Amino acid sequence: MLVVVLLLFCLGETESAGDSYVAAVYEHRVILNPNPRVPVTRREALIHMQKNLDIYEEQAAKAAQQGVQILVFPEDGIHGFNFTRSSISGYLETIPDPQEESWNPCTEPDKYNNTEVKR
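Residues in the sequence shown are numbered from 544 upward in steps of one, following this note's numbering.
In structure tokens:
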């Protein structure tokens with residue numbers, strides 16, 4: 544009797560699997576700015592961030608091939624860390640107040656300056 548109850552419980556769990564998804568967490572050795580305390584231009588910051596974004600794109604494609612539906616990347620994984628208030632400025636992107644407007648960077652990519660990474 545216990546086996547039947549346990550089997551029914553397990554079967555019930557598999558039927559609700561349509562309400563779930565496959566998630567994964569990815570981490571790599573971030574390509575860091577060698578001098579994070581020295582301010583850089585926006586162009587230099589984009590070149591640096593693109594190196595990490597290229598790795599993310601490659602790994603996201605590999606994860607998708609394995610059935611991953613949502614992939615979590617590390618905080619600071621695009622630009623690195625150890626910046627000062629002034630040296631981070633080239634890496635910052637515009638984020639409008641969602642209380643004031645609704646904006647999707649994918650559908651309106653040119654609405655704001657400095658939003659290249661969000662696209």
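By construction, the Cβ of each residue, glycine as well, lies at the ideal position given by its N, Cα and C atoms. Here the structure is a predicted model, which is why all the values come from computation and not from measurement.
Residue i (DSSP reduced to helix, strand or coil)
i    : result
I613 : strand
E651 : coil
R628 : coil
N657 : coil
Close-in-space but distant-in-sequence residues of the same chain around residue i (CB under 6 angstroms, 5 per side omitted)
i    : result
Q602 : Y569
Contacting residues, own chain, Cβ-Cβ under 7 angstroms from residue i (five flanking each side not counted)
i    : result
S632 : P582
K654 : W646
Rounded separation between residue i and residue j - CA only
i    : j    : result
T627 : Q593 : 21 angstroms
A604 : I598 : 10 angstroms
A588 : G620 : 14 angstroms
Spatial neighbours of residue i in its chain, beta-carbon cut-off 8 angstroms, leaving aside the 5 residues before and after
i    : result
T584 : G633
Beta-ladder partner(s) of residue i, from DSSP
i    : result
A566 : I613
Residue closest to residue i, alpha-carbon to alpha-carbon, out of the options
i    : options                : result
V573 : E651, H622, C649, L635 : H622
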